[in-house]
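Enquirer: This is the structure, below, for whatever I ask next.
There are 4 protein chains.
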Amino acid sequence: MSSIYGEALRVSIFGQSHAPAIGVTIDGLPAGFSIDMEALAAFLRRRAPGRNPYSTPRKEDDLPEFLCGLVDNTTCGAPLTAIIRNTNTRSGDYAALRDVPRPAHADYAAQIKYGGFQDVAGGGHFSARLTAPLCIAGGICLQILEQQGIRVLAHIASVGEVEDTPFDPVNPVLPAGNPDFPVLDEAAGQAMQAVIALVRSEADSVGGTVECAVTGLPAGLGDPIFDGMENRLARILFGIPACKGLEFGSGFAGSRLRGSQNNDGFRMENGQVKTATNRHGGILGGITSGMPLLFRAAFKPTPSIGRAQQSVSLSQRAETELRIQGRHDPCIVPRAVPCVEAAAAIAVTDALLCAKKDHIFWEESR
Amino acid sequence: MSSIYGEALRVSIFGQSHAPAIGVTIDGLPAGFSIDMEALAAFLRRRAPGRNPYSTPRKEDDLPEFLCGLVDNTTCGAPLTAIIRNTNTRSGDYAALRDVPRPAHADYAAQIKYGGFQDVAGGGHFSARLTAPLCIAGGICLQILEQQGIRVLAHIASVGEVEDTPFDPVNPVLPAGNPDFPVLDEAAGQAMQAVIALVRSEADSVGGTVECAVTGLPAGLGDPIFDGMENRLARILFGIPACKGLEFGSGFAGSRLRGSQNNDGFRMENGQVKTATNRHGGILGGITSGMPLLFRAAFKPTPSIGRAQQSVSLSQRAETELRIQGRHDPCIVPRAVPCVEAAAAIAVTDALLCAKKDHIFWEESR
Amino acid sequence: MSSIYGEALRVSIFGQSHAPAIGVTIDGLPAGFSIDMEALAAFLRRRAPGRNPYSTPRKEDDLPEFLCGLVDNTTCGAPLTAIIRNTNTRSGDYAALRDVPRPAHADYAAQIKYGGFQDVAGGGHFSARLTAPLCIAGGICLQILEQQGIRVLAHIASVGEVEDTPFDPVNPVLPAGNPDFPVLDEAAGQAMQAVIALVRSEADSVGGTVECAVTGLPAGLGDPIFDGMENRLARILFGIPACKGLEFGSGFAGSRLRGSQNNDGFRMENGQVKTATNRHGGILGGITSGMPLLFRAAFKPTPSIGRAQQSVSLSQRAETELRIQGRHDPCIVPRAVPCVEAAAAIAVTDALLCAKKDHIFWEESR
Amino acid sequence: MSSIYGEALRVSIFGQSHAPAIGVTIDGLPAGFSIDMEALAAFLRRRAPGRNPYSTPRKEDDLPEFLCGLVDNTTCGAPLTAIIRNTNTRSGDYAALRDVPRPAHADYAAQIKYGGFQDVAGGGHFSARLTAPLCIAGGICLQILEQQGIRVLAHIASVGEVEDTPFDPVNPVLPAGNPDFPVLDEAAGQAMQAVIALVRSEADSVGGTVECAVTGLPAGLGDPIFDGMENRLARILFGIPACKGLEFGSGFAGSRLRGSQNNDGFRMENGQVKTATNRHGGILGGITSGMPLLFRAAFKPTPSIGRAQQSVSLSQRAETELRIQGRHDPCIVPRAVPCVEAAAAIAVTDALLCAKKDHIFWEESR
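Residue numbers (our numbering), protein chains in the order written: chain S, 457 to 822; chain E, 457 to 822; chain V, 457 to 822; chain F, 457 to 822.
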């Protein structure tokens, strides 16, 4: 595994679904930042399962315990570690899980990579439960960014074929509404929930997309060629289970356009350089332009479905039918929204810290 | 800048479009690999401009000079460095370029980040010319992979609204044809070239997509959570200028499907575990599954167009009109194909080297 | 802070002396290695304080709790995290500690770096207690190395002016004896203990050195220029508190010699290439030679002494006298021995994993 | 190989002694710094061989050619690459060199690591010639530091048994004198030169030590546990060929002292916190204290000597006698002085850039 992300801020995720605990260490947090623990708990609740009809009914009490890195809830410069105890720990016989890989899960690939020694209980380190520590780190970064006037907003952009209204690229705003199912168009939201209810009733699942905006960003963040903002965001977002696609600004749609349609002209706005449109998604040459940063991430349908599926017995080298037991999210997208926000917040905070050294000399000579 | 990519294999790109030279250093190449210099030159020619009607007529002689890392064209374990001299070096007055940023280019963002000290001539370090050193490194990796039975294939999947036939996900094959304009469907290719000719005649440009497949990969490559195959590929692919979107397997289309439609069942095929379909794009949980790895990258239209565009004078803090001189690729996509192959080859080779340590203990105890 | 070490194996140390816990995450451990928990506990006891007259009488129960990374005590490929709860957690008023920095401690430097937000209780993240998680990681690596036939030996080479017999450089052996005070010459050991008893009675402390040997190493480990064996070992060893010097092979003494005296000639020994002497300390050009790896680390006297010392009040900007309360190790060196072994084991294991990719091509073609 | 050093500033060394060129890329240099090319050339001359009786008479014209990273000699934010052409390029038959390893050289270890594919001509990537690109990077960093009021001073502290006067630890000053043979005590310098002349006449060599001081450093640099100032400096200094020992402040001598002797009390000096003595060498807990940073590095005798030495024929698996031809430095220490300065400057500059993010929040709230 390689579960450490970041450069100035290094976020290290650990844990398996059924191990004693999961958790995160953040190394590189500047000293002196006070965490609002209630706001963090509220953010983490948005990711927690079992709280509404469109997610798994499995209950988790995902309150983090902070082991170190804080003095009176304020960062002290030392690595910060927080853990969440697993209540669902290992028990019973997992031989069957190791033998018949679940389609679209990591089971088979992990079996080869780890030689059969991987933890199969509950998905091990591949479990979506590992997004909880990601959200702890991201929740802290969201507060850091907010203090700097930077906000991260995300909504469910689509579920199956049902699409929400996209953000206004120049002025993205998230309306008040159900924070567990954030959409811009409530009618679209209702239709999405109907789709989720339907696939659940059919022991099936459905995919979707999340659109995210970051506002209040200064121009000048990002370190091309390989640590530009797209690179940084992509590297962390593809760490969210089920994420299979990503586009910035006009993205795939922009690839169908002409330059005269896709280029965003510059203009002056209250003495500041802005673009009238924002098909570049706030990133030019890998560097923030000062316009809202915009991207959209695609999530595949939850792989765990109740229907019979074709698989193989690895021990017998023979085909077999698999029926996955238990209850699972019929659609991961609503709970992916805070994960996307968390990932974006981590990437942006890291880029912000890295940018502190860009101007060391010329700034002082001015 | 942060122009170093990779973990076991570290690829460091340097140079500006009009500096004396551009180049690349590869640190971590295993010793004892013999480079086929002719094959490398042939690969580099595919990226070079000026050789056909749909690219810029500017001529470049992009033959690399190897400064070190080789003994008799065989890697010696020391860092390998190759450079390409720029014939178009700095001259004249670039004050105008620094004052009026080109829309959709890095100019404005770089001006803020580097405090006005960035090299503006020819786009500096942001120039697409910097894909030449990427292709040197990638071309070497392609040969390394080929020796291991791994092949990287890519074609123009779309130009504007015109789409090529996609790869067969289970058995991707690239037909013989024009290597400078690789498509699966020659008729689609003709239509694409017509679109490119049209936008060129209108002093405009057009975007498109590239589809890439990697075949012959063993199962077990990739290091989740943050160095899984999607993370690794994304980090390098977004380093190619104009890349604004990326999807693996069924990607965005898969997000519209149900689990029962998108999951790929396992089956036995000649004693090997395979999937009947390949909507997962050869990656499960960030790890290769042994099926072909498949992804699609979106490229925005070339930002440089001959038409008048709206911009600002940074010195005067006033709006102005900009008309970009010179000749530019009306569509970057054909030349992006070898760049995508190169980037994929680098990411896969790095993952392959990193995987050499996965099984150290259990393998020996068997 | 930057408390992550390693490349293939990444060891992340976290915790403060009086925070709820301290701990370590190891990312990159190959799957399938079974940890001998009793042997690990025995190793950790060697570092634990309070068990004999020459260390601090403060008792600590340093048994690690493994949170993840294991299935039935066998590595599963996921990051391994172990923590140790602190029983001495924060309480009382630390304002005085923050105001008057202790000489030779990190207090003043940390005050400047962290702007007064650092955790001062018990030394915070700078406490020697943080060597406990280092020893957890190192203890696991020692077992991994032992399985590969590699052993790490260390002894107290000096305390104050009293010197132990050095290792035989060609065949280092550690005699049976008191594992808490390992020496080659028991009489020297007695004299060292007498010195420690004396300085303790005088409310003072004393420094010393540790000599370490690694035997059974294959030739070919280490990655020059900047990740050669000396670089790797130095980077981790200077992470042990109070370490202020390091020399490999003949080291400083070798700098007084002539080439004809210091060079080790090669010879054949049972069909293997060896050196008759070992002033190079088993490392040539940063790479292991197959001879025993040898180094010596210098530790300063424990900074905490009972005597009055000159310091300043940071708030009053005035000089003042400081008298440190509590009981401290009069000599850190005996407990530094297992820390040095642990650090060496981590560095060597990392180098071993990194070397797995050196020969990928030529080995297969043979 | 792993020839990249640094975190915010990444210095990548490439080249072999007899390859077409050697060079360096610096990624992460802040934009806007103007390099004084004459001062840099003067610094590089101090490392160049062939200019006086105590170094090798081999002439090298080590003027760097800057390929990129500069606009009008001012850093532009893009990676900076400089190369030096080798005039002594590969020719002739190196089979003998590959067969009989030179004692105390990397030959044998490299043969095993690189499977016989390593470049043996002139020592390949292990050649001391590779310190020339290190000095290019270091020479630039020295200028950067000087602009910030930080100076790096080094002198020959010993040659064989002859010792120079050490720096005043509280106020290190380097007297004017021969810049190619910097010493504090001219009489000691004369004695050292006599020793070098003697060993040369006897076809032998001799080792020595270099003492280095960095003055003007702010308190607060360095990132413990593993990127503290000792860790950072050690990692780069052990990259200088022949460096086998390193100590900070009182170092090995301090390990013989008592705490009451070695601790440096704090005092107020013109309103600033200082220590009256400086046995801590300007580093406390891995972080700079604001006092001069002091260290001493040990260099082994030049391995290449004219006398007959015992070696083996790898092909014949038999012992043989080796007589090294050519002329070599009888003592590497005088030319190691600028290399130590360069390495220290790189490490300090990197730490300085990394520290720019320490105080992001609390600084602004003051």
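Think of the CB as a built atom: it goes at the ideal place given N, C-alpha and C, for glycine as much as any other residue. All of these numbers come straight from a predicted model, not from anything done at the bench.
If Leu454 of chain S sits next to Leu677 of chain S, beta carbons under 8 Å apart, how far is it from one beta carbon to the other, in whole angstroms?
Expert: With chain S covering 457 to 822 only, the question about residue 454 of chain S has no answer from this structure.
Enquirer: Write down every uninterrupted run of the beta strand (DSSP E) in the region 765-789 of chain V whose length is 3 residues or greater and which is fully enclosed by it, in chain order.
Expert: 774-779
Enquirer: Look up Asp600 of chain S in the DSSP assignment and give the residues it is bridged to.
Expert: Sequence inspection shows Ile at residue 600 of chain S; the Asp mentioned does not correspond to that position. DSSP output for Ile600 of chain S lists no bridge partner at all.
Enquirer: Identify every run of the alpha helix (DSSP H) within the region 601-682 of chain S, keeping only runs that are complete inside it and at least 4 residues long; order them along the chain.
Expert: 642-657
Enquirer: What does Asp814 of chain E reach in chain A if we use C-beta pairs closer than 8 Å?
Expert: Within the model displayed, chain A is absent; protein chains S, E, V and F are what it includes.
Enquirer: Measuring only the C-alpha atoms, how far is Val527 of chain E from Tyr461 of chain E?
Expert: 24 Å
Enquirer: Does the beta-carbon of Arg558 of chain V have 16 or more other beta-carbons within 10 angstroms, so that it is buried, or is it exposed?
Expert: The residue in question, Arg558 of chain V, is buried, as its Cβ has 16 or more Cβ neighbours within 10 Å.
Enquirer: On the premise that Val639 of chain S lies in contact with Cys787 of chain S, defined as a C-beta separation below 8 Å, what is that separation, rounded to the nearest angstrom?
Expert: Contact doesn't hold; Cβ gap of about 13 Å is too wide.
Enquirer: What residues of chain F sit near Asn719 of chain V, judged by a beta carbon separation below 8 Å?
Expert: Here the neighbours are Pro559, Ala560, Pro757, Pro759, Ile761 and Gln765.
Enquirer: On the CB-based measure, 16 or more other CB atoms within 10 Å of its CB, does Ser771 of chain E come out buried or exposed?
Expert: exposed
Enquirer: Anyone know if the C-beta pair for Val898 of chain F and Leu553 of chain F falls short of 8 Å?
Expert: Residue 898 of chain F cannot be examined here, being either before or after the span of chain F that is shown, 457 to 822.
Enquirer: Does DSSP classify Met724 of chain F as helix, strand or coil?
Expert: strand
Enquirer: So that I know if they touch, is there some Cβ in chain E lying closer than 8 Å to that of Ser476 of chain S?
Expert: It is worth fixing the name first, because residue 476 of chain S is Pro in this sequence and not Ser. Judged by the 8 Å Cβ criterion, Pro476 of chain S is not in contact with chain E.
Enquirer: Do the region 759-770 of chain V and the region 559-572 of chain V touch if we need at least three Cβ pairs shorter than 8 Å?
Expert: yes
Enquirer: Could you name the residues of the same chain whose beta carbon sits closer than 7 Å to that of Ala487 of chain E, not counting the 5 residues immediately before and after it, in chain order?
Expert: Thr531, Cys532 and Gly533
Enquirer: Determine the direct distance from the alpha carbon of Gly721 of chain F to that of Phe694 of chain S, and round the result to whole angstroms.
Expert: 52 Å
Enquirer: Under the DSSP definition of a beta bridge, which residues are partnered with Ile692 of chain F?
Expert: The partner list for Ile692 of chain F (beta bridge, DSSP) is empty, contrary to what the question assumes.
Enquirer: The alpha helix (DSSP H) with Gly572 of chain E in it runs from where to where?
Expert: Careful: Gly572 of chain E lies outside any alpha helix (DSSP H) and carries neither H nor E.
Enquirer: Would you give the residue range spanned by the alpha helix (DSSP H) that Ala551 of chain V belongs to?
Expert: Looking at the DSSP string, the run of the alpha helix (DSSP H) that includes Ala551 of chain V is Ala551 to Asp555.
Enquirer: Does the beta carbon of Leu770 of chain E come closer than 8 Å to any beta carbon on chain V?
Expert: no
Enquirer: Along chain S, in chain order, which residues have C-beta atoms closer than 9 Å to that of Ala675 of chain F?
Expert: Residues of chain S passing the Cβ test: none, with the nearest at roughly 14 Å.
Enquirer: Do the CB positions of Gly471 of chain E and Gly479 of chain E come within less than 8 Å of each other?
Expert: yes
Enquirer: Would you kindly work out how many angstroms separate the C-alpha atoms of Arg466 of chain V and Ala464 of chain F, rounded to a whole number?
Expert: Spanning the two alpha carbons is a distance of roughly 19 Å.
Enquirer: If the cut is a Cβ gap below 7 Å, which residues of chain V does Ala464 of chain E touch?
Expert: Lys813
Enquirer: Determine, using beta carbons only, whether Val527 of chain E comes closer than 8 Å to chain F.
Expert: yes
Enquirer: Could you compute how far the alpha carbon of Gly428 of chain F sits from the alpha carbon of Asp785 of chain F?
Expert: Outside the shown range of chain F (457 to 822) lies residue 428 of chain F, about which nothing can therefore be said.
Enquirer: Which of the three DSSP states, helix, strand or coil, is assigned to Gly715 of chain V?
Expert: helix
Enquirer: Please report the straight-line C-alpha distance between Gly764 of chain S and Ile681 of chain E, rounded to a whole angstrom.
Expert: According to the sequence as given, residue 764 of chain S is Ala; it is not Gly. Ala764 of chain S and Ile681 of chain E: Cα-Cα distance of roughly 29 Å.
Enquirer: Since I believe Ile491 of chain F is in contact with Pro520 of chain F (beta carbons under 8 Å), could you give me their beta-carbon distance rounded to a whole number of angstroms?
Expert: For a cut-off of 8 Å, the C-beta gap from Pro520 of chain F to Ile491 of chain F is around 10 Å, too long to register as a contact.
Enquirer: Below 8 Å on the Cβ atoms is my guess for Ala800 of chain V versus Leu630 of chain V; work out the distance and round it to an integer in Å.
Expert: Actually they do not touch by this definition, with Cβ atoms about 14 Å apart.
Enquirer: Over the uninterrupted beta strand (DSSP E) stretch that includes Ala709 of chain F, give me the two end residues.
Expert: Premise fails: Ala709 of chain F lies in the alpha helix (DSSP H), Gly707 to Gly710, not in any beta strand (DSSP E).
Enquirer: With the cut-off set at 8 Å, would you say Glu797 of chain V and Gly633 of chain V are in Cβ contact?
Expert: no
Enquirer: Since Tyr461 of chain V sits in a beta bridge, which residues does DSSP pair it with?
Expert: V:Val467
Enquirer: Can you list, in chain order, the residues of the region 690-717 of chain S whose Cβ is nearer than 7 Å to any Cβ on chain V?
Expert: none
Enquirer: Quick one: what's got a C-beta closer than 7 Å to Ala811 of chain S's C-beta in the same chain, skipping five residues either side?
Expert: Gly676 and Leu677
Enquirer: Hey, could you find the ends of the alpha helix (DSSP H) Leu586 of chain V is sitting in?
Expert: Premise fails: Leu586 of chain V is in no alpha helix (DSSP H) and is neither H nor E.
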